[in-house]
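One structure is given below, encoded as structure tokens.
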Amino acid sequence: MSLVRNPFKTATLTIIWGWLIVLVLAPTLLVVLVSLMPENTGQLLGGELSLSTLWQGFLTNYGQMISPVYLSVFGHSLWIGLITTLICLLLGYPFAWMISRASPRLQPLLLLLVIIPFWTNSLIRIYALRTLIATRGLLNDVLMNLGLIDAPLRLLYTEEAVIVGLVYMLLPFMILPLYAVFEQLSRPTLEAARDLGANGLATFRHIVLPLTMPGIIAGVLLVFLPAMGMFYVSDLLGGSRHPLIGNIIKGQFLQANNWTFGAAISVMLTLVMAFLLLAYYRSVKLFKREVTL
Amino acid sequence: MKSSAPEKAPLVKLRGISKTFGDRKVLDSLDLDLNDGEFVTLLGPSGCGKTTVLRMIAGFASPDSGTITLESTALHERPAHQRPVNTVFQSYALFPHMNLYDNVAFGLRMEKVAKAEIHERVREALEMVQLAHLSDRRPDQLSGGQQQRVAIARAVVKRPRVLLLDEPLSALDYKLRKQMQNELKRLQRRLGITFVFVTHDQEEALSMSDRVVVMREGGIEQIGTPREVYESPSTLFVARFVGEINQLAAQVVRPAATAGRIEITLLGQTLELSSHGRTYQGGEAVQVLLRPEDMRLKGAEDSEGFPARVIERNYKGMTLDTVLELDNGQQLLASEFFDEDDPDFDYRLGERVRVSWVPDWEIILPDDEPAVTGAGA
Numbered sequence: 069m070s071l072v073r074n075p076f077k078t079a080t081l082t083i084i085w086g087w088l089i090v091l092v093l094a095p096t097l098l099v100v101l102v103s104l105m106p107e108n109t110g111q112l113l114g115g116e117l118s119l120s121t122l123w124q125g126f127l128t129n130y131g132q133m134i135s136p137v138y139l140s141v142f143g144h145s146l147w148i149g150l151i152t153t154l155i156c157l158l159l160g161y162p163f164a165w166m167i168s169r170a171s172p173r174l175q176p177l178l179l180l181l182v183i184i185p186f187w188t189n190s191l192i193r194i195y196a197l198r199t200l201i202a203t204r205g206l207l208n209d210v211l212m213n214l215g216l217i218d219a220p221l222r223l224l225y226t227e228e229a230v231i232v233g234l235v236y237m238l239l240p241f242m243i244l245p246l247y248a249v250f251e252q253l254s255r256p257t258l259e260a261a262r263d264l265g266a267n268g269l270a271t272f273r274h275i276v277l278p279l280t281m282p283g284i285i286a287g288v289l290l291v292f293l294p295a296m297g298m299f300y301v302s303d304l305l306g307g308s309r310h311p312l313i314g315n316i317i318k319g320q321f322l323q324a325n326n327w328t329f330g331a332a333i334s335v336m337l338t339l340v341m342a343f344l345l346l347a348y349y350r351s352v353k354l355f356k357r358e359v360t361l
Numbered sequence: 168m169k170s171s172a173p174e175k176a177p178l179v180k181l182r183g184i185s186k187t188f189g190d191r192k193v194l195d196s197l198d199l200d201l202n203d204g205e206f207v208t209l210l211g212p213s214g215c216g217k218t219t220v221l222r223m224i225a226g227f228a229s230p231d232s233g234t235i236t237l238e239s240t241a242l243h244e245r246p247a248h249q250r251p252v253n254t255v256f257q258s259y260a261l262f263p264h265m266n267l268y269d270n271v272a273f274g275l276r277m278e279k280v281a282k283a284e285i286h287e288r289v290r291e292a293l294e295m296v297q298l299a300h301l302s303d304r305r306p307d308q309l310s311g312g313q314q315q316r317v318a319i320a321r322a323v324v325k326r327p328r329v330l331l332l333d334e335p336l337s338a339l340d341y342k343l344r345k346q347m348q349n350e351l352k353r354l355q356r357r358l359g360i361t362f363v364f365v366t367h368d369q370e371e372a373l374s375m376s377d378r379v380v381v382m383r384e385g386g387i388e389q390i391g392t393p394r395e396v397y398e399s400p401s402t403l404f405v406a407r408f409v410g411e412i413n414q415l416a417a418q419v420v421r422p423a424a425t426a427g428r429i430e431i432t433l434l435g436q437t438l439e440l441s442s443h444g445r446t447y448q449g450g451e452a453v454q455v456l457l458r459p460e461d462m463r464l465k466g467a468e469d470s471e472g473f474p475a476r477v478i479e480r481n482y483k484g485m486t487l488d489t490v491l492e493l494d495n496g497q498q499l500l501a502s503e504f505f506d507e508d509d510p511d512f513d514y515r516l517g518e519r520v521r522v523s524w525v526p527d528w529e530i531i532l533p534d535d536e537p538a539v540t541g542a543g544a
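Chains A and B, in that order, are what the protein sequence lines are. The working numbering numbers the first residue of the first sequence as 69 and each following residue consecutively. The working numbering numbers the first residue of the second sequence as 168 and each following residue consecutively.
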């Protein structure tokens with residue numbers, strides 16, 4: 069259909085493309101460009117630009133990442149991200165299954181419970197978590213009053229607190245895509261497996277797991293990447309003693325004023341995400357199942 | 168007609184099966200025998216409990232009380248995956264992430280059958296349903312009829328003692344359904360496996376089964392060959408549910424002088440009819456049931472039969488269906504085979520005729536239910 073003949077379609081497409089170009093494409097390109105600046109001038113685009121200077125900038129900025137300090141932060145971030153993702157998966161998988169098998173009247177309510185936290189600002193929720201687990205916080209008070217402990221436990225500013233915070237923030241992103249795939253898993257499909265002689269474990273291994281794999285991968289992607297970048301969770305619950313990649317990026321931009329290096333790390337993180345997304349789409353094609361995110 | 172079931176101990180015995188969902192009694196103390204190698208159809212309107220019976224044999228539902236035995240094993244005590252029965256599901260329930268070969272091989276792999284044997288049996292099963300050339304396709308690349316065949320192959324490759332089919336043809340169009348009916352029947356004869364087929368389509372039930380079990384509200388109304396069920400229904404429900412039927416209220420006057428015959432009054436006339444082996448008392452209310460194809464039409468000048476008026480004529484190709492209105496306002500359906508040479512055959516709309524039926528082909532049942540008026544209720 070010609071665009072001229074459909075003004076509504078033209079307008080919609082223009083707005084969407086305009087939005088994407090101004091707010092997504094342009095900033096991303098700027099970040100990439102900044103990450104290739106040869107020297108950090110403290111401004112967005114300083115110094116002269118040529119292919120050789122960009123190559124120079126690439127070597128300097130990206131090369132900077134290969135240092136024991138940053139590599140250990142990356143390693144630690146990956147570790148925290150993996151643990152968070154694993155916990156979210158172990159909690160979210162049975163929960164999503166439970167929702168999908170609940171009565172049709174109960175399902176919207178259970179989904180609502182998953183979504184309700186989104187209605188509150190995430191910073192406020194993290195502060196709320198702080199008041200709960202602070203040294204003189206609610207949890208310690210309760211435990212002491214119950215006589216279970218004599219002195220307050222050190223809960224805040226630990227690695228565990230960061231993980232708890234991340235799981236709390238990210239669990240819905242694991243549950244929702246999993247719920248979507250469990251919804252499509254029909255009861256007769258499971259009954260057919262039992263009928264053909266598969267016990268509970270075999271049914272899970274050969275039918276349930278493969279058919280929910282697209283949801284698992286989607287959930288892992290949606291949890292893993294944010295888990296490495298949520299600097300405020302690490303700041304507020306971990307006391308910045310265990311920085312995530314997100315903390316480094318924030319630090320480079322806002323404290324060290326080293327924009328070129330901060331941009332280079334951001335680009336690396338984006339590339340990792342792009343690579344994981346590519347893997348995800350490949351796997352969906354492999355499983356021939358569509359997942360609504 | 169004698170039942171075609173062999174005179175052997177039944178293969179599967181259901182005894183005293185009851186089941187309640189919430190406050191609804193789905194099955195009420197049901198007894199049923201399935202003989203080895205027969206094609207049994209559970210026929211009934213939706214909600215009569217036929218699918219629940221099937222799911223209990225398969226192991227997806229358990230009876231509140233009662234037993235299900237297969238030869239000497241208590242089937243109801245075993246989980247679904249340990250029963251020598253397999254199911255063809257209404258929705259086929261093929262595994263979407265596996266190709267046809269893996270779908271069919273799944274059951275054998277679960278049994279830990281040797282690889283070479285799996286290969287041979289899967290090939291054989293796919294050839295049987297003429298899909299061997301598509302064995303690496305996925306279910307979503309197949310038509311409905313082909314998916315249906317895979318579902319059958321996947322179940323029979325396990326060589327079950329009983330194959331359960333839950334309205335397997337309901338999703339297919341008319342022509343394909345006819346074709347699959349024949350294929351299923353042929354397959355059943357070839358394999359010699361007991362088939363338990365659930366349907367609400369009485370035509371399908373009559374054309375495929377060795378025995379038909381007519382169910383209603385959690386109980387069995389009648390068990391018999393298709394012919395017994397159609398020609399000698401034992402209740403008004405069966406008469407009305409299986410095929411079309413005309414129903415006329417009548418009253419027994421007295422046993423006739425000739426043995427085995429009774430006098431009844433019907434539409435103001437006194438007739439002498441066969442008692443069909445039952446005994447009746449004078450004054451007893453009965454229903455005279457007549458199949459549309461047993462009705463005969465004659466000109467108004469004829470002295471026999473009941474006066475009526477033609478109010479509808481439907482040409483059906485093989486037959487010509489006539490809706491008649493009796494003088495009391497009740498409607499009857501008459502279905503006659505087309506005969507171009509018969510001058511009496513073609514009646515005009517509104518024309519007055521006389522309607523009767525082939526002697527002794529009527530069915531007389533005690534009037535245990537409120538009468539339903541109208542043709543072919």
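We put the CB at the ideal spot given by N, CA and C, even for glycine.
query: CB contact below 8 Å: Gly-283 of chain A versus chain B; result: no
query: Three-state secondary structure assigned by DSSP to Asn-202 of chain B; result: coil
query: Three CB pairs or more closer than 8 Å across the stretch 284 to 297 of chain A and the stretch 313 to 324 of chain A; result: yes
query: Which of helix, strand or coil DSSP assigns to Ala-542 of chain B; result: Any reading at Ala-542 of chain B needs caution, since the residue's pLDDT is 39, under 50, leaving its predicted position unreliable; the model's value is listed next. Three-state result, Ala-542 of chain B: coil.
query: Beta-carbon proximity of Pro-245 of chain A to Gly-287 of chain A, cut-off 8 Å; result: yes
query: From B:Gly-311, B:Phe-256, B:Leu-178 and B:Asp-231, residue whose alpha carbon lies closest to that of Ser-254 of chain A; result: B:Phe-256
query: Through-space distance from Leu-433 of chain B to Gly-496 of chain B, alpha-carbon basis; result: 14 Å
query: Helix, strand or coil at Asp-488 of chain B according to DSSP, with G and I counted as helix; result: strand
query: is_contact[Val-274 of chain B, chain A] using C-beta, thresh 8 Å; result: Here residue 274 of chain B turns out to be Gly, not Val, going by the sequence shown. It does: the Cβ of Gly-274 of chain B has a partner Cβ on chain A nearer than 8 Å.
query: Contact check, Leu-290 of chain A vs Val-249 of chain A, beta carbons under 8 Å; result: no
query: Interface flag, Ala-247 of chain B vs chain A, CB-CB below 8 Å; result: yes
query: Neighbouring residues, chain A, relative to Thr-361 of chain B (Cβ below 8 Å); result: By Cβ distance, chain A contributes nothing, its closest Cβ being about 16 Å from Thr-361 of chain B, past 8 Å.
query: Neighbour flag for Glu-350 of chain B against chain A, beta carbons, 8 Å; result: no
query: Member of A:Asp-263, A:Ile-194, A:Asp-209 and A:Ala-332 whose CA lies at the smallest distance from the CA of Leu-238 of chain A; result: A:Ile-194
query: Reference Arg-262 of chain A, options B:His-248, B:Leu-403 and B:Asp-527, closest by Cα; result: B:His-248
query: Where Thr-225 of chain B meets chain A, residues with beta-carbon distance less than 7 Å; result: For the record, residue 225 of chain B in the displayed sequence is Ala; it is not Thr. Simply Asp-263.
query: Start-to-end residues for the alpha helix (DSSP H) that takes in Glu-398 of chain B; result: 393 to 398
query: Any C-beta of chain A under 8 Å from that of Glu-552 of chain B; result: The requested residue 552 of chain B is not part of the displayed model; chain B covers only 168 to 544.
query: Between the CA atoms of Lys-342 of chain B and Val-175 of chain B - distance to the nearest angstrom; result: The residue you asked about is not Val; residue 175 of chain B is Lys in the sequence shown. Each residue's Cα considered, the two are about 37 Å apart.
query: is_contact[Arg-445 of chain B, chain A] using C-beta, thresh 8 Å; result: no
query: Residue closest to Glu-388 of chain B, alpha-carbon to alpha-carbon, out of B:Val-405, B:Leu-221, B:Ser-399 and B:Ser-310; result: B:Val-405
query: Nearest-angstrom Cβ-Cβ length linking Pro-526 of chain B and Asp-494 of chain B, presumed shorter than 8 Å; result: Not quite, the Cβ-Cβ distance comes to about 22 Å (not below 8 Å), so this is no contact.
query: Cβ-Cβ distance between Leu-332 of chain B and Val-363 of chain B below 8 Å; result: yes
query: Where the alpha helix (DSSP H) containing Glu-287 of chain B begins and where it ends; result: 282 to 295
query: Closest by C-alpha distance to Ser-196 of chain B, when choosing among B:Pro-335, B:Pro-212 and B:Gly-183; result: B:Gly-183
query: Where Pro-422 of chain B falls: helix, strand or coil (DSSP); result: strand
query: Length of the line joining the Cα atoms of Ala-225 of chain B and Asp-190 of chain B; result: 24 Å
query: For Thr-361 of chain B and Glu-205 of chain B, believed in contact at Cβ under 8 Å, the rounded distance; result: 6 Å
query: CA nearest to the CA of Ser-190 of chain A, picked from A:Gly-143, A:Ala-79 and A:Tyr-236; result: A:Tyr-236
query: Buried or exposed (CB count within 10 angstroms, at least 16 for buried), Leu-216 of chain A; result: exposed
query: Whole-angstrom distance between Gly-143 of chain A and Ser-135 of chain A, CA atom to CA atom; result: 12 Å
query: Below-8 Å beta-carbon distance, Pro-396 of chain A vs any chain B residue; result: Examination of residue 396 of chain A is not possible in this model, given that chain A is present from 69 through 361 alone.
query: Cβ neighbours of Gly-410 of chain B in the same chain (closer than 6 Å, five flanking residues each side left out); result: Tyr-397
query: Run of the beta strand (DSSP E) containing Gly-226 of chain B, from where it starts to where it stops; result: From DSSP, Gly-226 of chain B is part of no beta strand (DSSP E); its letter is neither H nor E.
query: Any chain B beta carbon closer than 8 Å to Leu-174 of chain A; result: no
query: Residue interval of the beta strand (DSSP E) (run including Leu-154 of chain A); result: Here Leu-154 of chain A belongs to no beta strand (DSSP E); instead the alpha helix (DSSP H) covers 136 to 169.
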